[in-house]
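Okay, so here's the structure we're looking at.
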Amino acid sequence: MNDPTAGDDLYVGVDTGGTFTDVVVMDGAGTVVTNKAPTTPDALEAGVLAALTLIADHRHETLAEMLAKVRSFGHGTTQATNALIERRGSTTGLLTTQGFGDTILVQRLMGFTAGMPNELLGRFSERSYPDPLVPRRLIGEVPERVDQAGTVLLNLDEEAVRTEVRRLGGEGAEAYAVSLLWSFRNPDHEERIAEIIREEVGSDVYVSLSHEVNPILGEYERTATTVLNAYLGPTVERYLERLESELRNAGLIGRFSVLNSIGGVMSARDAAERAVLLLASGPTGGVLGSHFLAKELGHENIITTDMGGTSFDVGLVVGDRPVVSQVTEVAQYQVSVPMVDITAIGAGGGSIAEVIGGELRVGPKSAGAFPGPVCYRRGGRQVTVTDADVALGVIDPEVFLGGRMNLDRIGAEEAIRTQIAEPLGLTIVEAAAGIKRIVDARMADTLRELTVGHGHDPRDFVIYAYGGAGPMHCAGFGADLGVGTILVPATSMAHSAYGALAADIYHSAERSVSYKSNPGTHDPSSDFDPVKLLEGLHELEVTAREQVEREGVEPDQVDIDRSVDMRYRMQTHELIVPADEDLIDAEAVSRLVARFEAIYEDTYGRGAGFREAGIEITALRVSAIGRTPKPSFAPISRHHGDPTASSRQVYDVNEESWFDASVLDWDGLSSESVPGPAVIEHPTTTVYVASGQQVALDSIGNLIITPIV
Amino acid sequence: MSTTTNPRTDTSAAVDPITFEVIRNRLSAITEEQAITLKAVSGSPVVTDATDFNVGTYLSDGEIVTMGPQVLFHSGSMANVVRNIVADCSDNPGINEGDMFILNNPYKGALHQQDVSIVAPVFYHGDRVAWVGCCAHQIDMGGLNFGSWGIGATLVQQEAVLMSGVRIVESGGIRDDIWNMVLGMTRMPLAVGLDLKAMVAANNVASMRLIELFDRYSLDVVQNVMHLDIKHSEEQLRDQLRLLPDGVYRGLDYIEHDGHTNKLYDLRVEVRKTGDRLVFDFTGTSEQAPGFINCTWAGMLAGVFAAILPTLAPTLRWNEGLLRVIEIEAPESIVCNASFPAPVSAATISTTWVVTNIVVQALSRLAATSSDTLADATAVTKGSMSAFVINGANRDGSPYGNFLLDSTAGGGGAYNDHDGLNGSGDFCVPRPAITNVESHEAAGPILFLYRSIIADTGGPGRQRGGATMGLAITPHDTDSLHGMIVGHGVEVPNSVGLFGGLEGSCNRNAKLHGDGKSPVGRIFGIEDLDHWPGRTVSFGAKPGFFDIGHGDVIAYSFQGGGGFGDPLDREPQRVAADVGNGYVSTDGAHNNYGVVLIDGSIDASATEARRNQLRADRVVGAEHTDDVTVPRDAQWLTPDVFQTDSGVYTRAGAYLGAPNSWVEGTIRRVVSAQEHGPYIALHENLELREYLCPLSGRLLWSAVSRIGAPDLIPVELR
């Protein structure tokens, strides 16, 4: 976009992904510059500094000069996720209630199917548990027992704790997780164990206690969350310390914060204490960036879609709130901290198309970036979605990634011919169009499940499309879904980094409770004690607020978001019900119950409610959001565009024919709509606009695709 | 390799392969949405954690188009539910738009009475064009006992309410009269009410989505896709079968205790594979029982279907097409094809379960004959089920009932190239889960003393069977609870091994009578049970009802998975690792694997000596023998036995005999239960037989056999 105006405060977002480290820098006037450098897996900070240096060069200043102007620096990182997947965390010892040490190994039997799509579930011979984070020898069981009311039934055997701590140390434990049954109802034993560990090992040892990390009912998920936190904590701590000090040495003065998976940023210190919250922080950045943009644009409901090389990640913002899930699967473990809910299916540019038994299947297998699609010339032999895009003319082999990579169109077509077209008796183009239609429809199916399947009408949503392959396919899945507007953000090429820039400071606190109304046809709200609810929420609010204010946010800049988990009694799945008003009297509780029943029926259909069973409140949750200042996007220049467009042959899968599609530079567009089929080229992305659709830029440079009515 | 019809060139349908795939994916997505809705609305952990339910879409005559990956037993049964409703209700009361029917009669398609189906016809422009349906296990449907487990029953009418297709939803609305009748029959009306509402909601969602699909692609196209999809699965399975050798593959297992007496029943299957046909012949199976362990034809079909899917069709789409390939031959009035009015309320966890065991055995023997499919051959996974129902008064005085399905945490069968899963879930449940201890304790007045993996419960083998978990509970915040355990496999090691792998553990059920003091702090694991100062009563498979009073403990553990291959062929390092991880004890390593460990480290020379000793104990003069060169045209019968024109041989080169008498050439010996593991127990009519290579002493297979019965010939090629 525009050259950056010199001077002024700067706001930076950096996202270290698997392949590239993306940087977004915004100045006080709202002008954005993005760039990327290869990720440096062995020393991630090197890639971050390299990408920053590219932008400083572009601004004609030194890195130190630029960093001195940075007011806030937000960082999204896959460091935690990678450390988990590659098992590079700290050797962790787990202390748990005697008789229940296998909980983390058996994983409620869910470990060997976690993340497995339904279509692969029948392959029993391929099932396996994840490589254990804490093998048996690193699990210590200690005599103690607390019941569901928090009553101590068996005192903690402190000598046994000492013995086990020493044994675990002998086994090489570097960090400790402590997770006892019902600890969130009575934390005394966990706290005492922490003291003993510190006495035995030293005061600076990394210890995670389950009642602190995740005070939620369900010992497996709470233990997994706590173990992950301890396993990742020291690694994350070292990395963030190193990165922050490198940045400080290079001249950064402003706030340094880290993007988490629950909806905002936190200080490096908090991130180190709650390392588990960084899992999936990368994809969360895209959702949060979209959410921030949506707020500016007045979009209350959005579907965020990130289509990369291997997966299609979808998030939802409904009624101005990102949808969160209580339990998230990470590397075959289930963690129960609330996280921005991201649904991923195996559909990306690298998804493999193959003919099996006379049928054309696309995904979930992927060629990834290596060996990648056939057209990448990296040794990939199987046809992928990207190869189809090349054959259809959607991707221009010459200008892919701004010409940084010359693609092999002939190779792609040849592979499609032999692997797909001939076995099915199709032409190459028909086969390529088929691949695109199937993958677009699968993505639309996923979006439909997440919207229609949860009681939302997709026509009320705007689709935000980003990621390497997303803008090429959004026209297809968007039209299939019947959505009115598709938006490709101006920052689409570094959207997660933009999310790290834009996110507010976020802390949450939650607690499991069990408040029940009696079964029957009476008004259930009369059975709840408003005082208990109010006090519980208030205590959580104090905790969350303190954490945010500790990061230097003024009290009047803190928003509080309260909710409770509710369900009909006898159910096992809860709904999160907003509880923003103070619950001071019976009427407020009755409104809360009504809200629950309304959400329930919206979600599961009219008449599905069953209040005769009684209602149960199972958890209280409060989040505190510290609003941080950041500029709005600068309006784009109206006269910047170059109206002359070239054209090339593109096959439109809906019309089933070749078109002379306009090829336009992103920066050449204006608010005036251009009808599809059209291809919008940008140095780091390609956007396809289908026939029957039109495209224009909005006032701040986002690309807007709408149906021609 | 494929002779499958190309959808594009198929004359019956004008559907291009792309549209086909798009619509097919959409049908799967609809089924998934149906399952999500059911799970979300349903109350019971039986549905949400144990996933004891299924959903699906069907053609107008009931043929299965799609099914969920939940409990596989149901998927085969719902097709019959639809067919029976079409047959019985078309004329009276009629099948109209907006109707739904409820059915739980096992003689009309249900597996047992607790499995309640609600199915809905889908109409398009006035014509009935498809069905959608759900089935979910209900915690109680009335009858003699809580949970509707009809222990002691002699007639199906005593066991639970019986509904043979009743119109519960009419013109889109639930009929209150029927609703009240159904809920009036159950002891848990709130839980059942939630589940029924969940099924109605899930059916509504699926019908709506199907109609949207018809609107978009036209009815003809969607129906063509449905038919084609079924046809493809059929053809792909037939293609696969043609590659495997023709022959007879057998399976044999037993079930003890019929609810009245501890009688032993045989279940036998002979799978005859000819070309692309599979015949399952149950001749030789015992006559039907006077008690509730029987299953009807529906239950037998369910057991067969559940076994076929992951062994023969792991990569195919699961629909009616697979059923078209198989034929079932079963005499009337046998325990797996009971005649009305035999009681059947424990069918799913009894005879249907064992049908799956024997079909898995037979099909794994079939799969092992080809290197293409050997990887899918599996020893039996957790060959028994043990339902534990607890009820009483909850802390607040309201009724409390729980159907504890933690027993799904048994062990998985081993495969040729890897061990079974430690805590595997059931073979009929592709995505299992057990409930958190804290959720159990929050739901009612019980306290867990341990829930942990038990060493030496996985069947020893070159690949070890998965170990099982065990648990113990005691009442807490209440003076008394009532329990009932219905299971089998306490005296029958159902989790048999394959090709020399040994049996996984048997179930154990015990009641420790309180001694006036709390058991908390005294019992932390299964090893503490032996030191209990009070009276201990070991339960058999079906102890019936018992009180669980203050300070009493109920301890129970499950079957581990069967092993694969001779345990003496397991690498000593892997045995040592198992000991370190608590899956095998030092004694187990010594006794079953011949591995001698000193402080956890392998004593190599002692191990070699021990293994030689064990081989010599098996077969006098046997010693470790290198493999002979196998002729190129040899056909493997098992991974250790091959057949050529001149007869059947072992890998070590021992001649066993002619193709129809080769078992006689093995060395056979009978061993005690203890020799195969501390948790193996045998019914008084059973013995353990080992079949050994005369030269190498390698264990070719181990069999649980009725005393005096002739040897089973596991495989005979044609």
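If you're matching them up, the sequences are chains H and Y in order. Residue 1 is where the first sequence starts when you use my numbering, and the numbers rise one by one after that. Residue 1 is where the second sequence starts when you use my numbering, and the numbers rise one by one after that. Every residue gets a Cβ at the ideal spot worked out from N, C-alpha and C, and that includes glycine.
Mind checking if residue i is an interface residue toward chain H, Cβ cutoff 8 Å exclusive?
| i | result |
| --- | --- |
| Pro45 (chain Y) | yes |
| Arg26 (chain Y) | yes |
| Tyr217 (chain Y) | no |
| Lys231 (chain Y) | no |
Consider the Cβ of residue i: report whether some Cβ of chain Y lies at a distance smaller than 8 Å.
| i | result |
| --- | --- |
| Gly455 (chain H) | no |
| Ala613 (chain H) | yes |
| Gly218 (chain H) | yes |
| Gln332 (chain H) | no |
| Asn2 (chain H) | Since pLDDT at Asn2 (chain H) reaches only 37, below the 50 mark, its modelled position is unreliable, and no value is offered. |
| His189 (chain H) | no |
| Gln148 (chain H) | yes |
Could you check what DSSP says for residue i in three-state terms: helix, strand or coil?
| i | result |
| --- | --- |
| Ile36 (chain Y) | helix |
| Gly233 (chain H) | helix |
| His137 (chain Y) | strand |
| Ile704 (chain H) | strand |
| Gln70 (chain Y) | coil |
| Pro17 (chain Y) | helix |
| Thr3 (chain Y) | Confidence is the limiting factor: at Thr3 (chain Y) the pLDDT is only 38, short of 50, which leaves the residue's position unreliable and the question unanswerable from this model. |
| Asn118 (chain H) | helix |
| Asp10 (chain Y) | Since pLDDT at Asp10 (chain Y) reaches only 43, below the 50 mark, its modelled position is unreliable, and the value read off the structure follows with that caveat. Looking at Asp10 (chain Y) - three-state DSSP - the assignment turns out to be coil, as it is neither helix nor strand. |
| Trp318 (chain Y) | coil |
Determine the extent of the alpha helix (DSSP H) in which residue i is found, giving its start and end residues.
| i | result |
| --- | --- |
| Gln98 (chain H) | Looking at the DSSP string, Gln98 (chain H) is not in any alpha helix (DSSP H), and its letter there is neither H nor E. |
| Arg167 (chain Y) | Careful: Arg167 (chain Y) lies outside any alpha helix (DSSP H), inside the beta strand (DSSP E) at 164 to 170. |
| Gln334 (chain H) | Gln334 (chain H) -> not in any alpha helix (DSSP H); beta strand (DSSP E) instead, spanning 333 to 335. |
| Lys436 (chain H) | 428 to 451 |
| Gln361 (chain Y) | 351 to 367 |
| Gly411 (chain H) | 409 to 416 |
| Thr48 (chain Y) | 45 to 48 |
| Ala80 (chain H) | 79 to 85 |
Identify every residue that forms a DSSP beta bridge with residue i.
| i | result |
| --- | --- |
| Glu329 (chain Y) | Y:Asp281 |
| Phe256 (chain H) | H:Phe73 |
| Lys517 (chain Y) | Paired residue(s): none; Lys517 (chain Y) is not in a bridge. |
| Ser714 (chain H) | Since the first and last residues shown for chain H are 1 and 709, residue 714 (chain H) lies out of range. |
| Asn391 (chain Y) | Y:Gly401, Y:His482 |
| Met26 (chain H) | H:Tyr11, H:Val32 |
| His507 (chain H) | H:Ala624 |
| Leu59 (chain Y) | Y:Ala130 |
Tell me which residue opens and which closes the beta strand (DSSP E) that residue i is part of.
| i | result |
| --- | --- |
| Gly511 (chain Y) | As written in the sequence, residue 511 (chain Y) is Lys, which differs from the Gly given in the question. Counting along the chain, the beta strand (DSSP E) containing Lys511 (chain Y) begins and ends at 508 to 512. |
| Pro719 (chain Y) | Here chain Y comprises residues numbered 1 to 718, so residue 719 (chain Y) is not present and cannot be evaluated. |
| Ile523 (chain Y) | Where Ile523 (chain Y) is concerned, there is no enclosing beta strand (DSSP E), given that its DSSP letter is neither H nor E. |
| Glu687 (chain Y) | 686 to 692 |
| Ala194 (chain H) | Segment 188 to 201 is the alpha helix (DSSP H) holding Ala194 (chain H); no beta strand (DSSP E) there. |
| Arg562 (chain H) | 558 to 568 |
Exercise. Would you call the segment 94 to 102 of chain Y and the segment 353 to 361 of chain Y touching, i.e. three or more CB-CB distances under 8 Å?
Worked result: Under the 8 Å Cβ criterion, the segment 94 to 102 of chain Y does not count as touching the segment 353 to 361 of chain Y, having fewer than three qualifying pairs.
Problem set entry | Any 3 or more C-beta pairs closer than 8 Å across the segment 260 to 270 of chain H and the segment 283 to 297 of chain H | The segment 260 to 270 of chain H vs the segment 283 to 297 of chain H: in contact.
Exercise. Any contact of the segment 43 to 54 of chain Y with the segment 123 to 141 of chain Y, i.e. 3+ C-beta pairs under 8 Å?
Worked result: Yes: at least three Cβ pairs fall under 8 Å.
Exercise. Are at least three pairs of beta-carbons, each pair with one atom in the segment 193 to 202 of chain Y and one in the segment 105 to 124 of chain Y, less than 8 Å apart?
Worked result: Touching, yes.
Exercise. Are the segment 692 to 700 of chain Y and the segment 610 to 625 of chain Y touching, with three or more C-beta to C-beta distances below 8 Å?
Worked result: Yes, the segment 692 to 700 of chain Y is in contact with the segment 610 to 625 of chain Y.
Exercise. Quick one: any contact between the segment 12 to 25 of chain H and the segment 75 to 89 of chain H, if contact means 3 or more CB pairs under 8 Å?
Worked result: Taking 8 Å as the limit for Cβ pairs, the verdict is that the segment 75 to 89 of chain H does touch the segment 12 to 25 of chain H.
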